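Residue numbers for the sequence shown follow our numbering, beginning at 36 and rising by one.
Using N, Cα and C, we set each Cβ at its ideal position, and we do this for glycine too.
Note that the structure is a prediction, hence the values are computed from the model and not measured.
Below is one structure, written out as C-alpha coordinates; the observations come after it.
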Amino acid sequence: MTDVSELIATTRHIDDLVSLHPDVHRACFEHGTMIGAEDLAPDLVRGKLLSFVFTASHHGVAAPLFRFASKTFFPPWRGMIFLANGMGGTNVFFGVEFLRFRCDEGPSVVDDRRCLRLHYGGMGNLWPSEGVFDEVRRLNDHVGIGCTIRSGAPTLWYGLQLPEGG
(Lines of atoms letter the chains of each structure in order from A and count residues from 1; the text may use other names and numbers.)
(Lines give C-alpha, C1' and ligand atoms only; values in the text may rest on other atoms or scores of the structure.)
Protein backbone atom coordinates (compact mmCIF):
# COMPACT_ATOMS: atom_id res chain seq x y z
CA MET A 1 0.00 0.00 0.00
CA THR A 2 1.12 3.55 -0.68
CA ASP A 3 2.64 5.49 2.25
CA VAL A 4 -0.25 7.88 2.82
CA SER A 5 1.76 10.37 4.92
CA GLU A 6 4.35 10.76 2.18
CA LEU A 7 1.65 10.96 -0.49
CA ILE A 8 -0.13 13.73 1.40
CA ALA A 9 3.12 15.65 1.95
CA THR A 10 4.17 15.49 -1.71
CA THR A 11 0.85 15.87 -3.56
CA ARG A 12 0.57 19.25 -5.27
CA HIS A 13 -1.99 18.52 -7.96
CA ILE A 14 -5.10 16.36 -8.25
CA ASP A 15 -3.50 14.52 -11.20
CA ASP A 16 -1.08 12.97 -8.66
CA LEU A 17 -4.02 11.03 -7.17
CA VAL A 18 -5.74 9.75 -10.34
CA SER A 19 -6.12 5.96 -10.54
CA LEU A 20 -4.62 5.15 -7.14
CA HIS A 21 -6.40 2.34 -5.34
CA PRO A 22 -9.74 3.42 -3.82
CA ASP A 23 -8.43 2.28 -0.42
CA VAL A 24 -5.59 4.82 -0.77
CA HIS A 25 -8.14 7.55 -1.53
CA ARG A 26 -10.10 6.49 1.56
CA ALA A 27 -6.94 6.59 3.70
CA CYS A 28 -6.12 10.07 2.36
CA PHE A 29 -9.65 11.21 3.24
CA GLU A 30 -9.30 9.76 6.74
CA HIS A 31 -6.06 11.75 7.20
CA GLY A 32 -7.65 14.91 5.81
CA THR A 33 -8.77 17.92 7.82
CA MET A 34 -11.93 20.00 7.89
CA ILE A 35 -12.39 22.59 5.16
CA GLY A 36 -15.21 25.10 5.05
CA ALA A 37 -17.24 25.88 1.93
CA GLU A 38 -16.34 29.55 2.34
CA ASP A 39 -12.66 28.54 1.91
CA LEU A 40 -13.54 27.23 -1.55
CA ALA A 41 -15.64 30.19 -2.78
CA PRO A 42 -16.29 31.99 -5.08
CA ASP A 43 -14.39 30.77 -8.17
CA LEU A 44 -14.48 27.40 -9.90
CA VAL A 45 -12.59 24.79 -7.87
CA ARG A 46 -11.16 22.40 -10.45
CA GLY A 47 -12.08 18.78 -9.88
CA LYS A 48 -11.10 15.39 -11.20
CA LEU A 49 -12.60 11.95 -10.74
CA LEU A 50 -10.03 9.75 -8.97
CA SER A 51 -11.54 6.26 -8.63
CA PHE A 52 -14.69 4.18 -8.40
CA VAL A 53 -14.99 2.05 -5.26
CA PHE A 54 -16.39 -0.92 -7.22
CA THR A 55 -13.06 -1.26 -9.09
CA ALA A 56 -11.09 -1.99 -5.88
CA SER A 57 -11.03 -5.77 -6.30
CA HIS A 58 -9.75 -5.45 -9.89
CA HIS A 59 -7.44 -2.49 -9.37
CA GLY A 60 -4.47 -3.95 -11.27
CA VAL A 61 -6.52 -4.13 -14.45
CA ALA A 62 -8.73 -1.13 -13.71
CA ALA A 63 -6.01 1.44 -12.91
CA PRO A 64 -4.61 1.94 -16.45
CA LEU A 65 -8.11 1.87 -17.91
CA PHE A 66 -9.28 4.40 -15.35
CA ARG A 67 -6.29 6.66 -16.04
CA PHE A 68 -7.21 6.63 -19.74
CA ALA A 69 -10.93 7.09 -19.04
CA SER A 70 -10.34 10.01 -16.65
CA LYS A 71 -8.59 11.91 -19.45
CA THR A 72 -10.93 10.83 -22.23
CA PHE A 73 -14.45 10.39 -20.86
CA PHE A 74 -14.65 12.29 -17.56
CA PRO A 75 -13.33 15.76 -18.48
CA PRO A 76 -16.91 17.06 -18.78
CA TRP A 77 -16.91 17.47 -14.98
CA ARG A 78 -14.89 20.64 -14.47
CA GLY A 79 -15.33 20.96 -10.71
CA MET A 80 -17.50 22.95 -8.32
CA ILE A 81 -18.46 26.53 -7.59
CA PHE A 82 -19.23 27.33 -3.95
CA LEU A 83 -21.35 30.28 -2.86
CA ALA A 84 -19.46 32.99 -0.96
CA ASN A 85 -21.82 32.56 2.02
CA GLY A 86 -20.76 28.90 2.34
CA MET A 87 -24.34 27.65 2.15
CA GLY A 88 -24.22 25.81 -1.17
CA GLY A 89 -22.97 25.67 -4.71
CA THR A 90 -23.11 23.71 -7.94
CA ASN A 91 -21.12 21.26 -10.02
CA VAL A 92 -19.91 22.37 -13.44
CA PHE A 93 -20.16 20.04 -16.44
CA PHE A 94 -19.15 21.17 -19.95
CA GLY A 95 -18.90 24.70 -18.52
CA VAL A 96 -22.55 24.63 -17.41
CA GLU A 97 -23.69 24.71 -13.78
CA PHE A 98 -25.50 21.45 -13.04
CA LEU A 99 -26.33 19.50 -9.86
CA ARG A 100 -26.83 22.12 -7.16
CA PHE A 101 -26.05 21.31 -3.56
CA ARG A 102 -26.42 22.79 -0.10
CA CYS A 103 -23.55 22.64 2.39
CA ASP A 104 -23.25 21.80 6.05
CA GLU A 105 -20.60 20.44 8.37
CA GLY A 106 -21.03 17.20 10.24
CA PRO A 107 -19.76 13.69 10.92
CA SER A 108 -18.50 11.66 7.98
CA VAL A 109 -20.04 8.34 6.97
CA VAL A 110 -16.47 7.17 6.34
CA ASP A 111 -14.98 7.70 9.82
CA ASP A 112 -17.41 9.81 11.89
CA ARG A 113 -14.98 12.77 11.94
CA ARG A 114 -16.09 16.25 10.89
CA CYS A 115 -16.22 17.07 7.17
CA LEU A 116 -17.90 19.40 4.70
CA ARG A 117 -21.05 17.72 3.37
CA LEU A 118 -22.70 18.61 0.06
CA HIS A 119 -26.36 17.52 -0.12
CA TYR A 120 -27.98 17.14 -3.55
CA GLY A 121 -31.49 16.10 -2.45
CA GLY A 122 -34.27 18.67 -2.38
CA MET A 123 -32.39 21.06 -4.67
CA GLY A 124 -34.56 20.62 -7.77
CA ASN A 125 -31.85 18.72 -9.65
CA LEU A 126 -32.95 16.89 -12.78
CA TRP A 127 -30.51 14.04 -12.12
CA PRO A 128 -31.71 11.50 -9.49
CA SER A 129 -30.10 12.88 -6.37
CA GLU A 130 -32.30 12.11 -3.36
CA GLY A 131 -30.18 10.55 -0.63
CA VAL A 132 -26.95 11.37 -2.48
CA PHE A 133 -24.34 13.60 -0.87
CA ASP A 134 -20.62 14.27 -0.97
CA GLU A 135 -18.11 14.56 1.83
CA VAL A 136 -15.02 16.75 1.39
CA ARG A 137 -11.83 17.36 3.39
CA ARG A 138 -8.57 19.22 2.87
CA LEU A 139 -5.71 16.84 2.07
CA ASN A 140 -3.07 19.58 2.23
CA ASP A 141 -2.73 23.23 1.16
CA HIS A 142 -3.05 22.27 -2.52
CA VAL A 143 -5.58 19.46 -2.77
CA GLY A 144 -8.92 18.48 -1.31
CA ILE A 145 -10.39 14.99 -1.47
CA GLY A 146 -14.02 13.99 -1.52
CA CYS A 147 -16.35 11.08 -2.00
CA THR A 148 -19.89 10.67 -3.21
CA ILE A 149 -22.10 8.75 -0.80
CA ARG A 150 -25.00 6.70 -2.11
CA SER A 151 -26.85 4.05 -0.07
CA GLY A 152 -24.75 4.90 2.98
CA ALA A 153 -21.30 4.21 1.53
CA PRO A 154 -18.73 5.86 -0.75
CA THR A 155 -19.19 5.05 -4.45
CA LEU A 156 -16.48 7.22 -5.98
CA TRP A 157 -13.56 9.42 -4.94
CA TYR A 158 -12.64 12.78 -6.47
CA GLY A 159 -10.01 15.45 -5.99
CA LEU A 160 -10.32 19.22 -5.83
CA GLN A 161 -7.49 21.59 -6.73
CA LEU A 162 -7.67 24.10 -3.89
CA PRO A 163 -7.47 27.83 -4.58
CA GLU A 164 -4.07 29.46 -4.04
CA GLY A 165 -3.80 30.35 -0.38
CA GLY A 166 -6.75 27.99 0.29
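By a C-beta neighbour count over all protein chains shown, 10 Å radius and 16 as the cutoff for buried, is residue i buried or exposed?
{"i": "P142", "result": "exposed"}
{"i": "W162", "result": "exposed"}
{"i": "F129", "result": "exposed"}
{"i": "V131", "result": "exposed"}
{"i": "P189", "result": "buried"}
{"i": "N126", "result": "buried"}
{"i": "A119", "result": "exposed"}
{"i": "G181", "result": "buried"}
{"i": "A76", "result": "buried"}
Is it the case that the Cβ atoms of residue i and residue j are separated by a distance below 8 Å?
{"i": "P57", "j": "S86", "result": "yes"}
{"i": "L84", "j": "Y155", "result": "no"}
{"i": "F168", "j": "R152", "result": "yes"}
{"i": "A62", "j": "V39", "result": "yes"}
{"i": "I116", "j": "L79", "result": "yes"}
{"i": "R214", "j": "R113", "result": "Any property of residue 214 remains undetermined from this structure, which presents the chain solely from 36 to 201."}
{"i": "V145", "j": "E65", "result": "yes"}
{"i": "G157", "j": "R185", "result": "no"}
Hey, how far is the Cα of residue i from the Cα of residue j?
{"i": "L197", "j": "V178", "result": "5 Å"}
{"i": "V53", "j": "E73", "result": "26 Å"}
{"i": "C150", "j": "C138", "result": "10 Å"}
{"i": "H60", "j": "G159", "result": "30 Å"}
{"i": "E140", "j": "G124", "result": "14 Å"}
{"i": "T45", "j": "L195", "result": "16 Å"}
Quick test of the definition: if touching needs 3 or more C-beta pairs under 8 Å, does the segment 66-75 touch the segment 167-174?
yes
If we require 4 or more residues per run, which alpha helix (DSSP H) segments fall completely within the segment 124-171?
none
Ignoring anything shorter than 3 residues, give me the beta strand (DSSP E) runs that lie fully in the segment 48-75, in order along the chain.
none
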